[in-house]
Ligand SMILES: [Zn+2]
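Chains as they are written, first to last, in my numbering: chain D, 1 to 182; chain S, 1001 to 1384; chain V, 2001 to 2390.
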């Protein structure tokens, strides 16, 4: 029997072929909406964001303080035990300077997504957010940052109630050594 | 069937119209705990996990991302099937029979109440080039099928109405059911047409819920503490996805799936060898069409006569959908088939309370994935 | 327990392209037919069909697996669509393997397809919905974010420079020049890669695989059938898959533990103790340049943080000690998500049969590993294939 295909199957099209109407297309915009139940853990997380605070769940067996919070410990496979407020400061675990928007538009000023290890949560426990009020060239792994919140009346109970995380002047630390809970 | 496989644990939350108090993860965690307790195992013992889910029903792409933690599956073999929970059972059976693993968990759930535009999502499943531009409501496909099915088989609308009446009334005895109601065939005949000849009361309504099932190899099942229910055969199949070229009468997917399962289970006369059926009734006529495809009647018209004369009632000769079916329990997306498995496990373990049938030893569950699909699966279970 | 032996007996794929004239069903059919032809078999001889495809949003279809069933040969047959995001293309082989190994089937056709060009204005936009709907999507993340975050973490942890990673693009795009299905084969230098615009620092455009349309398929058969239809079956010696936690921001992204676990699952099954010595070819998943290195480490084919050095030393070249992505990988051949993983399995099939034409790895390779990856940097899927029937 033959090995790899001698004749390559498939017919490439250029964008111009579409624009010139060389081939027919049908267009469709899906009309799809959801209202997701946030449940106990994330429901409380959002409520506390509205209050300007970050909250975590703690598992007494493995002693981890987890953010985003969850009602079960995935390591111990048991219910988590208690709510713990954590701080709105943290350490940049990793970051990027992104010059492309989510729908692939080119950006002049980069978005700066980062994983931020949250103070008061267990070491390595981070959340994804964006950095702001910082020169992109000066962002470093290990940089200390603090949440910049929307004014209380504008908060809606969303992760975007934190506008961004901004650097705490002049501080860097080793990643994975976030401060222990107060 | 080589290398026997058993269901050793089930966790099952009552189906409900809405479940606003828990996230899908929290629902899954709750039912996983229940299933593992029932099976007498720890999550850490499970070797492989299967979740049955569709991205668009969840509102999340690549849904398997969101499945491991709440089942105890972190850093374990786990995958999704975008099919019914019965396909998941078949998947788990094959994993065990291959000799790869001995303990597999299958999960499916529904947060149908979170979908604000269910008909638009179904529309998104319709062929984008041929059919979508026509702009019909996808449930109309069921109206088309019912019409030709009645025409070809001689089954009457009144006989179909008996299906709704039986199943919703059965659901009154099932604490897991979301839509129980004391219903007579006349009540159905009084309800308005939705997609002629299909009436509104003949269409199952969606509900939220979650089912977790634990399957084990022969050795594991025998060594365990729970009462095993044996999987005697699994089958699954598709007919054509094209509306223009499928078989509208015979539910071919169901017939092919049943043949596959019967071959493994050594079943030659399903009406005699199987004592209890849980079959898909997403639309009332589907129960009859599926019973014919399962080989219960030599003449299709007998399916209509059987339901009208009470043969398929719980105290009849061939009980069908004692649980209340989808019409009574609710349609729980990909968990629909697993709710049926949960019912059969309860019956075969003699734990079905007010619904308990005295003599059921071999039972069959069958699923269909709804319009516009021709995707179905069959599982045959037995208590010995 | 002794397992039933299963072999790959045929492989086929379409051209990978930015935009295909063919519909998703037609793409699936072309690949399926190619695989059947290569096995000298017809659809009647196939007892079950396994389908793989990634997010429904690309092809613009809910229940996309159902729509694709007949294009994949699933008409009136047992049909399953398995799904682990980007890991699907290799996982589907494992799915097909246990279907046959279970004894319920003697043959299986595995077909993976993706038509990303359907999604407008750009397929990348569909990736928004892979993020957590409540805690992440409101930030409007894109796929580049998480790759860039992971690459940065990998670089920061080991002190790796961007130019070391750029070499992967150079190697793979060059390898792809020999692949008849390739979308982006090219002769480039490290300088060219670094001169391409920054998408999301540290990721440059030429370090990213393209969006593609395409399909790939293989035919699997149990021992007796395999030996009847071909004198060169390629045996599936091991399969493995592993899913890590959803909470990716709680993990250290510098190393893919889930790939290691999936790899050991497959290696144990294949009786491999020293992967570096016992594997002749690797096809690790390379949607982004650094991922190939990251995955070679996860596959135990390079010590942690040392893959860039081995790459620079030529170990992973086609004529090197351990050729990696001789196909040209996703960077060169293209990345129609699920189909790309299966393309890697097709490549092992052709390489191990000595039928890879201008891409043939020298020295009669006897065993190869293919791997894919996906979700929120979370799932590893691995298949070990070889000429020896274990
Ligand atoms: Zn714990």
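Note that the Cβ used here is the ideal one computed from N, Cα and C, for glycine as well.
None of the values given here were measured: they were computed from a predicted structure.
Our contact map puts residue i next to residue j with C-beta atoms below 8 Å; I'd like the distance itself, whole angstroms only.
{"i": "residue 1253 (chain S)", "j": "residue 1265 (chain S)", "result": "Contact doesn't hold; Cβ gap of about 18 Å is too wide."}
{"i": "residue 98 (chain D)", "j": "residue 2241 (chain V)", "result": "In fact, because the Cβ distance is near 30 Å, the residues do not count as touching under 8 Å."}
{"i": "residue 1209 (chain S)", "j": "residue 1335 (chain S)", "result": "6 Å"}
{"i": "residue 2383 (chain V)", "j": "residue 2333 (chain V)", "result": "Their Cβ separation, rounded to whole angstroms, is 18 Å, which puts residue 2383 (chain V) and residue 2333 (chain V) out of contact at 8 Å."}
{"i": "residue 2092 (chain V)", "j": "residue 2049 (chain V)", "result": "About 10 Å separates the two Cβ atoms, so there is no contact after all."}
Output yes if chain D places a C-beta closer than 9 Å to the C-beta of residue i; else output no.
{"i": "residue 1132 (chain S)", "result": "yes"}
{"i": "residue 2111 (chain V)", "result": "no"}
{"i": "residue 2293 (chain V)", "result": "no"}
{"i": "residue 2001 (chain V)", "result": "For residue 2001 (chain V), the pLDDT reaches just 48, beneath the cut-off of 50, and the residue's location in the model is therefore unreliable, leaving the point undetermined."}
{"i": "residue 2072 (chain V)", "result": "no"}
{"i": "residue 2127 (chain V)", "result": "yes"}
{"i": "residue 1302 (chain S)", "result": "no"}
{"i": "residue 2053 (chain V)", "result": "no"}
{"i": "residue 2235 (chain V)", "result": "no"}
{"i": "residue 1059 (chain S)", "result": "yes"}
{"i": "residue 2199 (chain V)", "result": "yes"}
{"i": "residue 1121 (chain S)", "result": "yes"}
Using a Cβ-Cβ distance cut-off of 9 Å, determine whether residue i contacts chain S.
{"i": "residue 26 (chain D)", "result": "yes"}
{"i": "residue 2078 (chain V)", "result": "yes"}
{"i": "residue 2133 (chain V)", "result": "yes"}
{"i": "residue 74 (chain D)", "result": "yes"}
{"i": "residue 178 (chain D)", "result": "With a pLDDT of only 41 at residue 178 (chain D), under the threshold of 50, the placement of this residue in the model should not be trusted, and no figure is reported."}
{"i": "residue 79 (chain D)", "result": "yes"}
{"i": "residue 2349 (chain V)", "result": "no"}
{"i": "residue 182 (chain D)", "result": "Because residue 182 (chain D) carries a pLDDT of 34, less than 50, the predicted location of this residue cannot be relied on, and the following value inherits that uncertainty. No, because no Cβ of chain S sits closer than 9 Å to the Cβ of residue 182 (chain D)."}
{"i": "residue 70 (chain D)", "result": "yes"}
{"i": "residue 162 (chain D)", "result": "no"}
Return yes when the Cβ of residue j is within less than 9 Å of the Cβ of residue i, no when it is not.
{"i": "residue 1278 (chain S)", "j": "residue 1322 (chain S)", "result": "yes"}
{"i": "residue 2034 (chain V)", "j": "residue 2014 (chain V)", "result": "yes"}
{"i": "residue 2086 (chain V)", "j": "residue 2372 (chain V)", "result": "yes"}
{"i": "residue 1043 (chain S)", "j": "residue 1073 (chain S)", "result": "yes"}
{"i": "residue 1056 (chain S)", "j": "residue 2062 (chain V)", "result": "yes"}
{"i": "residue 1347 (chain S)", "j": "residue 1276 (chain S)", "result": "yes"}
{"i": "residue 1011 (chain S)", "j": "residue 1040 (chain S)", "result": "no"}
{"i": "residue 2435 (chain V)", "j": "residue 2298 (chain V)", "result": "Residue 2435 (chain V) falls outside the range modelled here, since chain V spans only 2001 to 2390, and no answer is possible."}
{"i": "residue 2010 (chain V)", "j": "residue 2218 (chain V)", "result": "yes"}
{"i": "residue 1107 (chain S)", "j": "residue 1211 (chain S)", "result": "yes"}
{"i": "residue 114 (chain D)", "j": "residue 67 (chain D)", "result": "no"}
{"i": "residue 1353 (chain S)", "j": "residue 1173 (chain S)", "result": "yes"}
{"i": "residue 1282 (chain S)", "j": "residue 1331 (chain S)", "result": "yes"}
{"i": "residue 184 (chain D)", "j": "residue 121 (chain D)", "result": "Because chain D is modelled from 1 through 182, residue 184 (chain D) falls outside the range shown and cannot be assessed."}
{"i": "residue 10 (chain D)", "j": "residue 2231 (chain V)", "result": "no"}
{"i": "residue 41 (chain D)", "j": "residue 64 (chain D)", "result": "no"}
Check whether the Cβ of residue i lies closer than 9 Å to any Cβ atom in chain V.
{"i": "residue 97 (chain D)", "result": "yes"}
{"i": "residue 102 (chain D)", "result": "yes"}
In terms of residues, what are the limits of the alpha helix (DSSP H) holding residue i?
{"i": "residue 110 (chain D)", "result": "Looking at the DSSP string, residue 110 (chain D) is not in any alpha helix (DSSP H); the run it does join, the beta strand (DSSP E), is 106-111."}
{"i": "residue 2295 (chain V)", "result": "2289-2298"}
{"i": "residue 2145 (chain V)", "result": "2143-2158"}
{"i": "residue 2330 (chain V)", "result": "2329-2332"}
{"i": "residue 93 (chain D)", "result": "First-last for residue 93 (chain D): 89-95, but that is the beta strand (DSSP E), not the alpha helix (DSSP H)."}
{"i": "residue 1030 (chain S)", "result": "1024-1039"}
{"i": "residue 2029 (chain V)", "result": "2024-2039"}
{"i": "residue 1252 (chain S)", "result": "1252-1265"}
{"i": "residue 1222 (chain S)", "result": "1218-1223"}
What residue range does the beta strand (DSSP E) around residue i cover?
{"i": "residue 1058 (chain S)", "result": "Run containing residue 1058 (chain S): none in the beta strand (DSSP E); it sits in the alpha helix (DSSP H), 1055-1058."}
{"i": "residue 1106 (chain S)", "result": "1103-1110"}
{"i": "residue 1081 (chain S)", "result": "1078-1081"}
{"i": "residue 131 (chain D)", "result": "Neither: residue 131 (chain D) is in no beta strand (DSSP E) and is coded neither H nor E."}
{"i": "residue 2081 (chain V)", "result": "2079-2083"}
Give me the subset of the region 1083-1115 of chain S whose CB atoms are less than 7 Å from a CB atom of chain D, sorted by chain position.
1111, 1114, 1115
Using a beta-carbon distance cut-off of less than 7 Å, what residues from the region 2074-2103 of chain V approach chain S?
2074, 2075, 2076, 2077, 2078, 2079, 2080, 2081, 2082, 2083, 2084, 2085, 2091, 2098, 2099, 2101, 2102, 2103
What are the residues of the region 1124-1155 of chain S that lie near chain D, defined by any Cβ-Cβ distance shorter than 7 Å?
1124, 1128, 1129, 1132, 1133
Which residues of the region 2012-2023 of chain V have a Cβ closer than 9 Å to any Cβ of chain D? Give them in chain order.
2012, 2013, 2014, 2015, 2016, 2017, 2018, 2019, 2020, 2021, 2022
Closer than 8 Å between beta carbons: that is the criterion. Which residues of the region 27-39 of chain D meet it against chain S?
28, 30, 31, 32, 33, 34, 35, 36, 37, 38, 39
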